[in-house]
Amino acid sequence: MAHPGKVQGFLLSLLSPRPPPPRPVVSISSTLEAIYSFSFSIMAYCDRCERYFNSMTALRQHELNSFSHNVCDDCDVDFTTGLGLKEHYVQSPDHAYCQYCNQHFSDEWDLTEHYEDRHYYCGECSRVFKNEYGLHEHRRQSPFHNYCASCKRDFQSESNLNSHLASSIHMPKAFKCPTARCGEAFVSRSAVVLHLESGGCISGADRAAINRYVRQYDKQNIITDPSRMLTGPGGAPRDEIIYSANENAWNGYAYECYLCHRTFQLLRGLNQHLASPRHQAKMYFCPLSSCKVKFTTLSALLQHIESERCGVSRFEVVQRTLNGLMKMNMLTN
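Numbering (UniProt numbering), first residue to last: 1 to 333.
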């Protein structure tokens, strides 16, 4: 049995009010530090400038106005220098940017059009030059251009350039028409013969007359193929076949060549086609044994020789034959 005194003491302890527990001691400085840290944790921070801003909007405004920030809005990239941003614009395929005008365009087509209108631009090489002289020198020295420096003209192919250089613009008219009543001058032998073959010479010569003359002159068949020459009774040479068409050539849609089936909208066009050397025998050939390319006209053969594609022009027998042909005394007799 519990002692009465202990029970009484226990009851008194329950009824007596207890003192509150001691409060933790918090300093004012630590409280302010916590508030300060929390405030900065929710603020926008610029790592590059080591500055805080009240909002992302304020940070963005800072990046737009500060020389330390050079932002590409489209790519969301921030560059440390303006030069870095400019190089990004130039090199990135996502930008159509003219570095010379500091101007952006909607696409590459608009940028190219701007280059062509406002700058000295080489479209083939996609390069812009400071002035006309720079562009001129680039085209003159580049192996990718077929450029006539004196005319400042760029040609699509080397053959076009060579034809231009061999024209009367650059070459003296050293070859005269051999007919007595003409005397017109040309830049090459082939040009003289083409003049005669076309029927434009006042002498009245034409392609048939040229062919007759060559058949009589080239007795050793240096440039003519006797198997391709037309012959009459007794083996005598005769003129080329002359083709012509009439309304019967209409096939319901166009006038059709019965030899090659090419069509023309006008009968006149078909007859011009038939009157051309297109369907005549290839009686001329290159005398070089490794070449032997065949031609329907003397002018075409001469153009081949003058082009020096196969080097046949360097042979003396060829030059002697050509010089003899150019006299063409038989045409004026």
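A virtual CB, placed ideally from N, CA and C, is assigned to each residue, including glycine. Note that the coordinates shown come from a computational prediction; the quantities given were computed from them, not determined experimentally.
### Query
Taking 8 angstroms as the line, does the beta carbon of D117 fall inside it for any heavy atom of the ligand MN?
The ligand content of the structure shown is nil, which means the ligand MN is not present either.
### Task
Please report how far the alpha carbon of G123 lies from the alpha carbon of Q220, in whole angstroms.
Locating residue 123 in the sequence shown gives position 123, where the first residue counts as 1. Locating residue 220 in the sequence shown gives position 220, where the first residue counts as 1. Each residue's Cα considered, the two are about 53 angstroms apart.
### Task
Under 7 angstroms Cβ to Cβ from K152, same chain only, skipping five residues before and after it: list those, please.
Sequence index remark: in the sequence shown, residue 152 carries index 152 (1-based). Hits under 7 angstroms: H136.
### Message
Quick test of the definition: if touching needs 3 or more C-beta pairs under 8 angstroms, does the region 267-276 touch the region 159-168?
### Response
no
### Within the region 135-189, ranges of the alpha helix (DSSP H) (whole runs, at least 4 residues)
158-165
### Task
Keeping to the same chain, check which residues put their C-beta closer than 8 angstroms to that of Y243; ignore five residues upstream and five downstream.
The count along the sequence shown starts at 1 and reaches residue 243 at position 243. Cβ neighbours of Y243 beyond the five flanking positions: L259, L274, A275 and H279.
### Message
Just list the residues that DSSP pairs N70 with in beta bridges.
### Response
Here the question's residue 70 lines up with position 70 in the sequence shown. Paired residues: F79.
### Rounded straight-line distance, which links the Cα of L111 to that of A205
What you label residue 205 is simply residue 205 of the sequence shown in a count that begins at 1. What you label residue 111 is simply residue 111 of the sequence shown in a count that begins at 1. Each residue's alpha carbon lies about 56 angstroms from the other.
### Task
Return helix, strand or coil for E124, following the three-state DSSP convention.
Taking the first residue of the sequence shown as position 1, residue 124 is located at position 124. Three-state DSSP puts E124 in coil, outside helix and strand.
### Task
Closer than 8 angstroms by C-beta to R127: which residues in its own chain qualify, once you throw out the five before and the five after it? Chain order, please.
Position 127 of the sequence shown, counting from 1, holds the residue named residue 127. Here the set comprises Y121 and H138.
### Task
Report the rounded CA-to-CA distance for E87 versus K173, giving the unit in angstroms.
Walking along the sequence shown from the start, residue 87 turns up at place 87. Walking along the sequence shown from the start, residue 173 turns up at place 173. Each residue's Cα considered, the two are about 54 angstroms apart.
### Query
Around the Cβ of Y133, are there at least 16 other Cβ atoms within 10 angstroms (buried) or fewer (exposed)?
Taking the first residue of the sequence shown as position 1, residue 133 is located at position 133. Y133 should be labelled exposed.
### Query
Leaving out five residues before and five after S203 in sequence, what residues of the same chain have Cβ atoms less than 6 angstroms from its Cβ?
Position 203 of the sequence shown holds residue 203. Answer for S203: T179, R181 and C182, listed in chain order.
### Query
How long is the line joining the alpha carbons of I241 and A208, rounded to whole angstroms?
As a working mapping, residue 241 is identified with position 241 in the sequence shown. As a working mapping, residue 208 is identified with position 208 in the sequence shown. Computed Cα separation, rounded: 10 angstroms.
### Sequence-distant residues of its chain with Cβ nearer than 6 angstroms to S307 (five each side left out)
Position 307 of the sequence shown holds residue 307. So no residue of the chain qualifies.
### Query
Apart from the five residues on each side of it in sequence, which residues of its chain come closer than 8 angstroms, Cβ to Cβ, to F175?
Your numbering for residue 175 matches position 175 in the sequence shown. The answer, listed in chain order, is A185, F186, V187, S188, R189, A191, V192 and M326.
### Message
My assumption, with CB atoms under 8 angstroms, is that L298 sits in contact with I210. Please give the rounded CB distance.
### Response
For the purposes of this step, residue 298 is taken as the residue at position 298 of the sequence shown. For the purposes of this step, residue 210 is taken as the residue at position 210 of the sequence shown. Right, their Cβ atoms sit about 6 angstroms apart.
### Message
Tell me the rounded alpha-carbon separation between V312 and S157.
### Response
Translated into the one-based positions of the sequence shown, residue 312 becomes position 312. Translated into the one-based positions of the sequence shown, residue 157 becomes position 157. Roughly 23 angstroms between the two C-alpha positions.
### Message
Applying the 10 Å Cβ sphere with the 16-neighbour rule, what's the burial state of T80?
### Response
Sequence index remark: in the sequence shown, residue 80 carries index 80 (1-based). Burial call: exposed.
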